[in-house]
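Asker:
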Amino acid sequence: MSVLVRNYNPVSGPVDGPTVVREMGLTNLPADLPQVGAIPIVNITNFQTISQIDFSRPAEMIYQWQNNLSWIKGRHTLKFGGEIWHNYGSNFGVSPSRAYGSVSFTGAYSGFSYADFILGIPRQASRSSAGFVKIKSTNWDQNFFIQDDFKATRRLTINVGLRYEYNPPYVEREDRNYNFNPFTGQMVVPTAESREKLFPGFLANNLVPIVTAQQANLPARRLAFADRNNFAPRFGFAYKLTSDNRTVLRGAYGIFYDSFTAALWRTLVGGPYNGSESTPINVISGGRALWMWPDMFPRTLNQVGTAAMAGVDPRMRLPYTQQWTMTLEREFWNMGWRASYVGSKTHRLSITRDLNQLQPSTLPFSVSRRPYPQLSTVTYRENAGNAYYNALIASVERKYKAGLQYQVNYTWAKNLTDSHNEGEGGGSLQNAYDRRAEWGNHQFTRRHRMTVNSIWDLPFGRGQKLARSGVLSYLFGGWSLSTFGILQTGAYFTPTFSTFDPANIGAGGGRPDRIGSGRLSQPNYLNWFDSRAFRVPGDLDGDNRPDVNVGRFGNSGVNILRGPGTKVLNAGLFKRFQVREGYRLQAEATFTNVLNHTNFGVPIAVIDNPAAGRVTATQTLESAGPRTTRFGLRLDF
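According to numbering that gives the first Met the number 0, the stretch in the sequence shown is residues 0 to 636, in order.
#1: How is Phe201 classed by DSSP in three states: helix, strand or coil?
#2: For a quick check, are the C-beta atoms of Leu584 and Leu634 less than 8 Å apart?
#3: Just how far apart, CA to CA, sit Phe492 and Val601?
#4: Determine the DSSP secondary structure at Tyr99, reduced to helix, strand or coil.
#5: Look up Glu192 in the DSSP assignment and say whether it is helix, strand or coil.
#6: Using three-state DSSP, classify Phe116 as helix, strand or coil.
#7: In angstroms with no decimal places, state the Cα-to-Cα distance between Arg194 and Phe104.
#8: Could you tell me the alpha carbon to alpha carbon distance between Arg448 and Tyr399, rounded to whole angstroms?
#9: Contact between the segment 385-399 and the segment 411-421: three or more CB pairs below 8 Å?
#10: Can you check DSSP and say which residues form a bridge with Lys566?
#11: What separation, rounded to the nearest whole angstrom, lies between the Cα atoms of Ile514 and Gly541?
#12: Measure the CB-CB distance between Asn503 and Pro359 and report whether it falls below 8 Å.
#13: From the DSSP output, read off the bridge partner residues of Ser343.
#14: Would you call the segment 594-609 and the segment 558-575 touching, i.e. three or more CB-CB distances under 8 Å?
#15: Buried or exposed for Met308, going by 16 or more other Cβ atoms inside 10 Å?
#16: In terms of residues, what are the limits of the alpha helix (DSSP H) holding Ala215?
#17: Quick check: the Cα distance between Gly73 and Ala151, rounded to an integer number of angstroms?
#18: Please look up how many angstroms separate the CB atoms of Lys135 and Glu171, rounded, as I've assumed it's under 8 Å.
#19: For the segment 141-196, which segments carrying the alpha helix (DSSP H) assignment without a break, of at least 4 residues, lie completely within its bounds, in sequence order?
#20: With 16 as the cutoff for other CB atoms within 10 Å, does Ala124 come out buried or exposed?
#21: Helix, strand or coil: how does DSSP classify Pro232 here?
#22: Count the other CB atoms within 10 Å of the CB of Pro189; is the residue buried (16 or more) or exposed (fewer)?
#23: Could you say which of Asn8, Leu289 and Ser622 lies nearest to Gly119 if we only look at CA atoms?
#24: Counting Cβ pairs, one atom from each stretch, are 3 or more of them under 8 Å apart for the segment 238-253 and the segment 78-89?
#25: Trp292 by DSSP, collapsed to three states: which one?
#26: Given a cut-off of 8 Å, decide if Ser375 and Ala306 are closer than it, judged by their beta-carbon atoms.
#27: With Glu328 and Ser258 assumed to form a contact (beta carbons below 8 Å), what rounded beta-carbon distance in angstroms separates them?
#28: Which residue wins for smallest C-alpha separation from Tyr99, given the options Phe331, Met23 and Thr351?
#29: Using the beta-carbon count (16 or more within 10 Å), is Met315 buried or exposed?
#30: What first and last residue would you give for the alpha helix (DSSP H) that runs through Leu263?
#31: Could you tell me which of Arg122, Ala203 and Pro313 sits nearest to Leu217, measuring between CA atoms?
#32: My output table needs one value for Leu327: the three-state DSSP class, helix, strand or coil.
#33: Is there contact between the segment 575-589 and the segment 533-551, where contact requires at least three CB pairs shorter than 8 Å?
#34: Whose CA, out of Asn440, Ser109 and Ser365, lies closest to the CA of Gly505?
#35: Cβ atoms of Ser339 and Thr326: under 8 Å apart, would you say?
#36: Report buried or exposed for Leu637, applying the criterion of at least 16 other Cβ atoms within 10 angstroms of its Cβ.
Right under this line is the structure:
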């Protein structure tokens with residue numbers, strides 16, 4: 000079997016970039032600004048970011064070839080198969096909209112972010128070149144498997160299998176990719192021709208030594224080695240404990256790999272081929288700032304320490320999960336009862352470190368103290384993250400009988416990790432030298448979760464107990480009621496602070512010091528947690544401003560508090576009409592959050608925000624928002 004999937008999704012904002020620049024009187028932007036929909040991004044701490052969607056022309060195409068074979072021989076059921084994927088994607092390495100720049104106002108100079116904005120004193124800014132360089136990435140994935148279901152005895156069935164996955168790094172068709180060698184401080188490009196395609200401004204400033212893949216002993220086009228050791232065995236069994244076949248014990252163990260997509264490897268395209276730079280933190284000297292609006296960037300800026308780099312460990316390997324389960328099932332009272340334990344350990348998760356981050360110190364921040372002083376950030380992705388998951392699951396299910404079926408599930412789960420991001424780049428470390436500080440609860444794993452669903456054909460009409468014939472059968476027959484409910488504890492969140500740089504690393508904000516539990520016995524939407532239990536490092540009097548230079552990060556952990564829970568009941572009412580033979584009409588009314596219960600979102604967790612601890616939004620996922628109603632008619636024939 001072969002499949003071709005193609006997707007092209009051009010997007011751009013409605014506001015014309017040059018018009019915005021002209022009407023706002025912004026200055027010190029590139030002279031060759033692209034004529035696209037764009038506006039400068041304005042970040043004002045604790046206020047809505049002013050931005051619009053970037054100009055983009057993404058295209059994706061996948062060719063898939065797949066074939067499977069089954070062979071039954073005696074007590075064995077063997078299955079073999081494989082698939083090959085050819086993946087292709089193209090888009091701008093950096094959106095042309097980014098040439099219009101981005102600035103942030105944090106309150107570092109006046110004490111209030113909006114006041115800094117009114118005064119026109121940005122904290123920091125960044126921008127990219129105005130080029131239209133399109134990146135075209137491609138790779139070939141290959142996966143193969145074999146498994147055997149073996150009926151060892153009348154009571155015991157064993158399943159064994161092995162899967163192999165080959166997921167090589169992507170290549171860029173015109174070799175506009177690069178990598179960074181943290182041991183030599185060199186940038187690696189595929190060929191000498193690739194070097195000539197680099198952004199002229201980047202080359203002119205000679206910020207970093209540039210070598211070819213051959214000189215760096217890396218694969219010529221991928222700049223990273225393919226992981227060829229991805230064998231995934233699995234084993235499972237099912238054993239009937241009783242002769243009445245109503246009690247079964249099931250268990251399984253398996254290894255599962257998570258393939259990388261272009262999302263990871265595209266971090267190595269664009270960059271120096273497009274040109275990007277960021278300013279050091281703005282400083283006030285002699286009563287004047289280094290630069291102020293309407294300049295989007297300083298007029299005089301030493302290029303040293305402004306160019307950003309990225310890198311991926313060339314020995315990057317696929318993350319993998321070891322998963323095991325044990326389940327006891329029993330049928331009685333016309334219902335199926337199940338109790339399960341599920342555990343997993345995930346290793347080699349991606350994490351992101353800034354290799355150019357300073358060690359925390361009481362010394363004032365200085366570009367010259369960076370490991371690579373000629374660069375700004377050096378974003379490096381590597382295998383270092385882990386996650387441990389344990390869960391107890393109990394469920395009861397009634398199969399459809401006498402017009403009624405239902406299922407109830409309860410899960411207690413604990414998920415600990417140090418990679419708090421679902422993307423392939425993984426979680427970013429606050430302190431590049433302390434990964435252990437990131438260990439904590441996964442944000443979206445609820446500790447307790449219960450779900451209930453049911454379908455009930457009301458007992459009216461032909462063949463039912465009530466109103467079997469006549470007008471009553473027509474009016475009251477054919478009705479069904481369905482329900483789905485969720486009851487769960489809240490998502491985890493992390494208290495933070497903004498603006499200040501107590502570690503003197505050149506970046507504001509982070510996690511605070513924890514001087515109390517932060518939990519309240521009776522939280523409400525006006526005060527969900529005790530913000531007084533957290534302080535900006537170095538704050539002695541509780542005003543959320545440092546009083547002493549402590550030269551360190553805060554000691555508070557990740558995801559230590561839990562937000563509001565979720566209570567949702569959805570319902571649907573359906574009426575079926577038999578129009579004629581082969582034709583049936585169904586009228587339906589469905590309701591989400593039918594009780595219109597208010598499910599509060601996570602509170603504002605920035606402790607130096609005057610609204611810290613207050614809930615300002617409601618949940619939207621899992622139909623937890625306001626009640627909605629939908630009516631519909633459907634004709635089946």
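By construction, the Cβ of each residue, glycine as well, lies at the ideal position given by its N, Cα and C atoms.
Being a predicted model, the structure only gives us computed values, none of them experimental.
Answerer: In short:
#1: helix
#2: yes
#3: 7 Å
#4: helix
#5: helix
#6: helix
#7: 36 Å
#8: 24 Å
#9: yes
#10: Leu486
#11: 11 Å
#12: yes
#13: Gln322 and Tyr388
#14: yes
#15: buried
#16: Ala212 to Ala215
#17: 11 Å
#18: 6 Å
#19: 191-195
#20: buried
#21: strand
#22: buried
#23: Leu289
#24: no
#25: coil
#26: yes
#27: Not quite, the Cβ-Cβ distance comes to about 33 Å (not below 8 Å), so this is no contact.
#28: Met23
#29: buried
#30: Ala261 to Trp264
#31: Pro313
#32: strand
#33: no
#34: Ser365
#35: yes
#36: Any answer about residue 637 is impossible in this case: the structure gives the chain only from 0 up to 636.
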